[in-house]
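Have a look at the structure below, then the notes.
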Amino acid sequence: MAAICPNCHLPEMIAYVVNDDGLHPFPCLECNTGTVRCTPYGHLSGAAPCGTDGCQGSVRDDYQYDPKGRLSRLDRVRCRLCATDGTASLPAGSAPERAVPDPRLPGSAMPGPRLAGSAFRSRPRG
Numbered sequence: 141m142a143a144i145c146p147n148c149h150l151p152e153m154i155a156y157v158v159n160d161d162g163l164h165p166f167p168c169l170e171c172n173t174g175t176v177r178c179t180p181y182g183h184l185s186g187a188a189p190c191g192t193d194g195c196q197g198s199v200r201d202d203y204q205y206d207p208k209g210r211l212s213r214l215d216r217v218r219c220r221l222c223a224t225d226g227t228a229s230l231p232a233g234s235a236p237e238r239a240v241p242d243p244r245l246p247g248s249a250m251p252g253p254r255l256a257g258s259a260f261r262s263r264p265r266g
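Heads up, the sequence shown is in our numbering, so the first residue is 141 and it goes up one at a time.
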């Protein structure tokens with residue numbers, strides 16, 4: 141699942157997991173804002189354009205925090221104009237490649253050429 145970032149307001153940029161221990165959000169994929177902690181009884185809100193064609197409304201995610209400042213609720217507020225809870229997709233080029241994380245580890249993109257005498261050369265079979 142994903143939520144609207146309360147900092148950069150890009151839709152579906154804060155991935156989160158819900159389990160028996162509660163809500164566990166990850167930092168925003170665009171601006172790296174964390175939403176795990178806030179002031180006690182705090183409230184944050186992120187809004188993004190509605191996903192319905194022709195609708196000029198917006199969809200909102202409300203983050204609510206407990207007395208210890210931990211995220212306790214995350215509610216999606218539907219568009220007031222058309223009652224949908226879907227957000228508009230991002231225009232091409234507005235979210236860089238960080239929107240979809242690269243699964244490769246840094247420095248492991250392509251192996252270099254193998255040199256003679258390398259420890260990786262194949263052994264003869266037989």
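For each residue, glycine too, the CB sits at the ideal point set by N, CA and C. All figures in this text were calculated on a predicted structure; none of them were measured in a lab.
C-alpha gap between residue i and residue j, whole angstroms
i    : j    : result
R273 : C219 : Residue numbering for the chain in the displayed model covers 141 to 266; residue 273 lies beyond these limits and cannot be assessed.
D202 : A155 : 15 angstroms
C222 : A187 : 15 angstroms
E170 : A142 : 13 angstroms
T315 : N172 : With the chain covering only 141 through 266, there is no way to say anything about residue 315.
Q204 : T224 : 22 angstroms
G194 : C148 : 23 angstroms
Cβ-based burial, residue i [other Cβ within 10 Å; buried from 16]
i    : result
R200 : buried
P165 : buried
T179 : exposed
Residue i versus the options, residue with shortest Cα-Cα distance
i    : options                : result
G197 : Y203, P189, Q204       : P189
V217 : R210, D206, G162, L184 : L184
G209 : G182, P165, V158, H149 : G182
V158 : L211, P146, G226, G194 : L211
Terminal residues of the beta strand (DSSP E) in which residue i lies
i    : result
S229 : Per DSSP, S229 belongs to no beta strand (DSSP E) and is neither H nor E.
V199 : 198 to 205
V176 : Note, V176: premise wrong, no beta strand (DSSP E); not H, not E.
L214 : 211 to 217
Secondary structure of residue i, DSSP reduced to three states
i    : result
L163 : strand
G186 : strand
D156 : First, the residue type needs correcting, since residue 156 is Tyr and not Asp in the sequence shown. Looking at Y156 - three-state DSSP - the assignment turns out to be strand.
L169 : coil
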